[in-house]
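These notes are about the structure you will find just below.
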Amino acid sequence: MDFSYVSAISLAGMDVERARLDVAAINLANVHTTRAAYGGPFKPLKAFGVSTQKFSPAYSAIERSMMSVPDVRIQQSTVLPRFVQEPGHPDANEKGYVAYPGIDTVAEMVNMMTAVRSYEANVVAMNAAKAMAMKALEIGGV
Numbered sequence: 001m002d003f004s005y006v007s008a009i010s011l012a013g014m015d016v017e018r019a020r021l022d023v024a025a026i027n028l029a030n031v032h033t034t035r036a037a038y039g040g041p042f043k044p045l046k047a048f049g050v051s052t053q054k055f056s057p058a059y060s061a062i063e064r065s066m067m068s069v070p071d072v073r074i075q076q077s078t079v080l081p082r083f084v085q086e087p088g089h090p091d092a093n094e095k096g097y098v099a100y101p102g103i104d105t106v107a108e109m110v111n112m113m114t115a116v117r118s119y120e121a122n123v124v125a126m127n128a129a130k131a132m133a134m135k136a137l138e139i140g141g142v
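Note that the sequence shown ends on residue 142 in UniProt numbering; no numbers are left out.
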């Protein structure tokens, strides 16, 4: 058994979860940003893993999913901004409404917690693979 697959999958999972945590932190930090560099309110980000490897059709779907390692992708969300009436705000429109990013703070906190727990699970899996490899070397007398 090749333990490098387990480590590669765990490391890729850790990369994805770290990116999800970073994106959630960025979104929470910009929840009140009404003016971004590209104009308008900050557009929330989202992170996800995408498998980019191509495999022979001879492999089954399960085998392909076990061998593929995801890459991290970050893109802007298509969530619409929320409008709050604040007539005295410098970014208010002619009707007195200010466009704030459509960020759900509770959902972002949940994303942060699940990313941390998933990261921890990947660390446990990698440590288990390392322990199994060490035990295999010990049994083999190396």
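Here a beta-carbon is modelled for each residue, glycine too, at the ideal position from N, C-alpha and C.
If you're wondering where the values come from, they're calculated on a predicted model, not measured in any experiment.
Using 10 angstroms around the beta-carbon of residue i, count the other beta-carbons present and answer buried if the total reaches 16, otherwise exposed.
{"i": "Ile139", "result": "exposed"}
{"i": "Gly40", "result": "exposed"}
{"i": "Ile74", "result": "exposed"}
{"i": "Glu120", "result": "exposed"}
{"i": "Arg110", "result": "Going by the sequence as given, residue 110 is Val instead of Arg. Its Cβ having fewer than 16 others within 10 Å, Val110 is exposed."}
Over the uninterrupted alpha helix (DSSP H) stretch that includes residue i, give me the two end residues.
{"i": "Ala18", "result": "The residue you asked about is not Ala; residue 18 is Arg in the sequence shown. Its alpha helix (DSSP H) spans residues Phe3 to Ala29."}
{"i": "Ala92", "result": "Unbroken run through Ala92: none, as it is neither H nor E."}
{"i": "Ile139", "result": "Thr105 to Gly140"}
Using DSSP bridges, identify the partner residues of residue i.
{"i": "Gly71", "result": "Looking at the sequence shown, residue 71 is not Gly but Asp. Its beta-bridge partners are Val50."}
{"i": "Leu45", "result": "Gln76"}
For the beta strand (DSSP E) containing residue i, name the first residue and the last one.
{"i": "Ala99", "result": "Tyr97 to Tyr100"}
{"i": "Arg35", "result": "Neither: Arg35 is in no beta strand (DSSP E) and is coded neither H nor E."}
{"i": "Val84", "result": "Arg82 to Gln85"}
Is it the case that the region 40–51 contacts the region 11–25, given that we only count it when at least three CB pairs across the two stretches are under 8 Å?
The region 11–25, when compared against the region 40–51, does touch it at the 8 Å Cβ threshold.
Between the region 97–108 and the region 70–86, do at least 3 Cβ pairs fall closer than 8 Å?
Per the Cβ contact rule, the region 97–108 is in contact with the region 70–86 (3 or more Cβ pairs under 8 Å).
Could you say if the region 112–130 and the region 4–11 meet the contact criterion of at least three C-beta pairs nearer than 8 Å?
Verdict: yes, contact present.
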